[in-house]
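Residue numbers 147 to 516, in this note's numbering, belong to the letters of the sequence shown in order.
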Amino acid sequence: MEGPITTPVYEPEIGEREKEYVNRCLDTGWVSARGEFVDRFEQEFAAYVGCEHGVSVSNGTTALHLALLALGIGPGDEVIVPTLTYVASANAVAYTGATPVFVDSLPGTWAMDPDDVRRVITTRTRAIMPVHLYGCPCDMTALMGIAQQHGLLVVEDCAEAIGTKVNDRHVGTFGDLAIFSFYGNKTITTGEGGMVVTNSPNLAERCRHLKGQGLAHAREYWHDVVGYNYRMTNICAAIGCAQLERIEETLARKAAVAAEYRRLLADRYEFQAEPAGAVHSHWMVSLLVDRAGDRNALRANLRAAGVETRPLFYPVHTMPMYVRSYRRTPVADDLGSRGVNLPSFPGLSQTEIAKIGRVLRRETPMRAAA
């Protein structure tokens, strides 16, 4: 019989400031989608990323849907998406009636392959959705060049990439719109929550209009478009404000966790690479086993030691609802079969990392020198 999990893959850090801000919401009665913290969180998060506008929403998936709707994506359109991503990236495209078109990953960074993007562009292609997987940035110079050449829109999926940068520029500032997630296992959490960021006042206003049931500005209880209830609560925003106050400390601690894993295990495992000139925010520390058949045994042995792990995402185009879109993506298929996410939360102690390291070193011999 398996024992309890003593080291989870992720756990949120909730401190006294979060409790103080939430209690302020409760004491004042501002517990829904209005209150001091909603506007504050939008403004402070947008400023942290480096965008003019932030629009808070109920979760990262609704943020993606809202961003695509704001750009007018709909039936008959195609949106290029990496197949190695969380399923929400593709689902948000499907919600609009558009078609997700899946592309392969790059070895090393595991990010969207720009050459494969070029191969799948058609007359129906409207947008590209780069996904900064596990906190590692895509090649935004190449992808923005492709978008400009073909007149395509760009929606950056930064759900896992708070703190990720390319040449000192935060991801989410390259495309037309970008989204972030604040789910309980993200670098900043609001419990559930998300944010759309943009430098376009018109797109920001479009997002605000749609997220609030399409309520018209000049006429009370008059709705002039089919909208959605995608609003963030003041309580969630209060938690987000508190989390954002210590974001640099959180990122530094996560970077230290990633560095310690690499120090202990780089001679035995391949980790997700960090591109030159980039900052990997290490939302997840992920490695590859040598053979796909080794992964289950390795994870079972870690589980026996009380350590929770997760496999890398399955390539989305292999799932039943998208299998009609099947095309060969050999790199993503290989990564998805060999990858493991390790415990990656900022409070992970060196003692816990050492325990994980002992199990992993026992499982795999040293790699031959390059």
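The C-beta atom is built at its ideal place from N, Cα and C for all residues, glycine as well.
Only exposed fits W368, as fewer than 16 other CB atoms lie within 10 angstroms of its CB.
Note that the C-beta distance between L323 and L481 is not below 8 Å. Rounded to whole angstroms, P457 and D370 show a C-alpha spacing of 45 Å. The continuous beta strand (DSSP E) containing G340 extends over residues G340 to T344. As DSSP reads the structure, A213 sits in no beta bridge. Ranked by Cα distance from V227, the options A244, T333 and S327 are led by A244.
Per DSSP, reduced to three states, the secondary structure at D480 is helical. Uninterrupted alpha helix (DSSP H) stretches at least 4 residues long and entirely within the stretch 155-198 occur at 162-174 and 182-195, given in chain order. Beta bridge pairing from DSSP links A424 with V312.
Restricted to the stretch 269-314, the beta strand (DSSP E) segments that are unbroken, complete and at least 3 residues in length are 271-274 and 299-303, listed in chain order. With a cutoff of 8 Å on beta-carbon distance, M341 and V177 are scored as not near each other. At a cut-off of 4 residues, the continuous stretches assigned as alpha helix (DSSP H) that sit fully inside the stretch 226-275 are 234-241 and 260-266. For K165, there are no CB contacts under 6 Å within the same chain when 5 residues up- and downstream are skipped. Considered as a whole, the stretch 387-425 harbours 393-411 as its complete alpha helix (DSSP H) runs of no fewer than 4 residues, in chain order.
In this structure S427 does not touch Q418 by the C-beta definition: roughly 12 Å separates them, more than the 8 Å allowed. C-alpha of L279 to C-alpha of A257: approximately 6 Å in a straight line. A straight-line Cα-Cα distance of about 22 Å links G175 and T335. Spatial neighbours of I151 in its own chain (CB-CB distance under 7 Å, excluding positions within 5 residues in sequence) are listed in chain order as G452 and E454.
Going by DSSP, G452 is part of no alpha helix (DSSP H) at all; its letter is neither H nor E. Closest in alpha carbon position to P253, among T475, A234 and L506, is T475. Here G206 carries a helix assignment [DSSP, helix/strand/coil]. Secondary structure note for L506: its alpha helix (DSSP H) is the uninterrupted segment Q496 to E509.
Residue nearest to I308 within the set N487, Y376, G196 and Y374 is G196 (criterion: CA-CA distance). The closest CA to that of V343, considering only E406, L506 and E198, is found on E198.
The C-beta distance from V462 to A209 rounds to 18 Å, too long to fall under 8 Å, and the pair is not in contact.
Membership of A350 in the alpha helix (DSSP H) is indicated by the continuous run P347 to K357. Under the three-state reduction of DSSP, N380 is assigned to helix. By the neighbour-count criterion, in which a residue is buried when 16 or more other Cβ atoms sit within 10 angstroms of its Cβ, V372 is exposed. N348 counts as exposed, since fewer than 16 other C-beta atoms from the protein chains shown sit within 10 angstroms of its C-beta. Spanning the alpha carbons of G423 and N313 requires a straight line of approximately 5 Å.
In the structure shown, I385 falls within a helical segment according to DSSP collapsed to helix, strand and coil.
C-alpha of G291 to C-alpha of T310: approximately 20 Å in a straight line. Of the residues assessed, M275 falls on the buried side of the cut-off, its CB having 16 or more other CB atoms within 10 angstroms. For P421, the closest of C282, L215 and T207 by C-alpha to C-alpha distance is C282.
For the options R414, V239 and R437, the alpha carbon positioned closest to that of P511 is the one of R414. The residue from P221, F491 and R437 with its alpha-carbon nearest to that of Y241 is P221.
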